[in-house]
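Going by the numbering used here, the first residue of the sequence shown is number 104, and it counts up by one from there.
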Amino acid sequence: MGLISSMRVSASALMAQRLRMDVVANNVANMNSSRAADGSGGPYRRQSVVFREQRAGASFGDLLGRASGASGPAGVEVASIHLDTAAPKKTHDPTHPDADENGDVLMPNIDVVTEMTDLVGANRAYEASVTVLNATKSLAQAALQIGRR
């Protein structure tokens with residue numbers, strides 16, 4: 104795998120983990136939302152990001168790499184943003200504007216500890232990708248220095 108390919112893989116990982124952190128932040132921000140974003144019935148549904156290996160393109164270099172067996176992973180991409188199918192939790196609050204006739208309100212089934220764990224994992228993966236990107240950059244600079252001598 105070349106240096107540019109390594110940088111491309113790291114960049115795709117950075118973008119994917121940034122999106123994962125955004126989704127976690129959105130979940131935490133909406134953990135007390137008793138209505139969906141569009142105002143329809145039902146509480147906010149927890150989201151999670153599903154990743155998959157990024158497929159190589161159809162450029163000449165990609166095709167040549169595949170034919171010679173030298174093609175490696177092209178990176179990571181977001182396959183989908185999954186909506187949680189868990190049942191919402193029911194709380195009793197007769198003063199809430201969305202309470203039913205019994206005073207019960209359906210709230211998102213979002214656990215702060217789970218979300219913070221996901222956030223820490225995404226942050227660590229982001230930091231690891233930055234480390235790989237910086238190491239690749241250092242290798243490229245060292246290769247240029249060798250060429251100048």
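Even for Gly, the Cβ is constructed at its ideal location relative to N, Cα and C.
Local conformation of residue i per DSSP, three classes
i, result
"THR194", "strand"
"MET110", "helix"
"ILE184", "strand"
"ARG227", "helix"
"ARG149", "coil"
"ARG155", "strand"
Bridge-paired residues (DSSP) for residue i
i, result
"VAL126", "According to DSSP, VAL126 bridges with nothing at all."
"LEU209", "LYS193"
"ARG121", "ARG121 is not bridged to any residue."
"VAL215", "Looking at the DSSP assignment, VAL215 forms no beta bridge with any residue, so it has no partner."
Beta-carbon contacts of residue i that lie in its chain and below 8 angstroms, excluding the five residues immediately before and after
i, result
"ALA128", "LEU222"
"SER151", "VAL126, ILE184, HIS185, ASP187 and ASP221"
"GLY144", "ARG138"
Proximity to residue i [Cα-Cα], best of the options
i, options, result
"ALA228", "ALA245, ASP207 and VAL179", "VAL179"
"GLY105", "LEU122, PRO200, ARG138 and LYS240", "LYS240"
"MET124", "THR194, MET110, VAL112 and VAL181", "VAL181"
"ASN226", "SER109, ARG121 and MET110", "ARG121"
"GLU156", "HIS199, ASP141, ARG111 and GLY250", "ARG111"
"SER108", "ALA119, LEU236 and GLU230", "LEU236"
"SER136", "ASP201, PHE154 and ARG158", "ASP201"
Buried/exposed call for residue i, threshold 16 Cβ in 10 Å
i, result
"MET219", "exposed"
"PRO146", "buried"
"VAL208", "buried"
"ALA245", "exposed"
"ALA119", "buried"
"ARG149", "buried"
Other residues of its chain near residue i: CB distance less than 6 angstroms, five sequence neighbours each side excluded
i, result
"ASN212", "ALA189, PRO191 and LYS192"
"VAL131", "GLU218"
"SER232", "SER113, ALA116 and LEU117"
"ASN133", "TYR147"
"ALA243", "LEU106"
"HIS199", "VAL208"
Cut-off 7 angstroms between Cβ atoms - residues of its own chain near residue i, not counting five sequence neighbours on either side
i, result
"GLY206", "HIS195, ASP196 and PRO197"
The ligand MN heavy atom lying under 7 angstroms from the CB of residue i
i, result
"THR198", "The ligand MN is not part of the structure shown, which contains no ligands of any sort."
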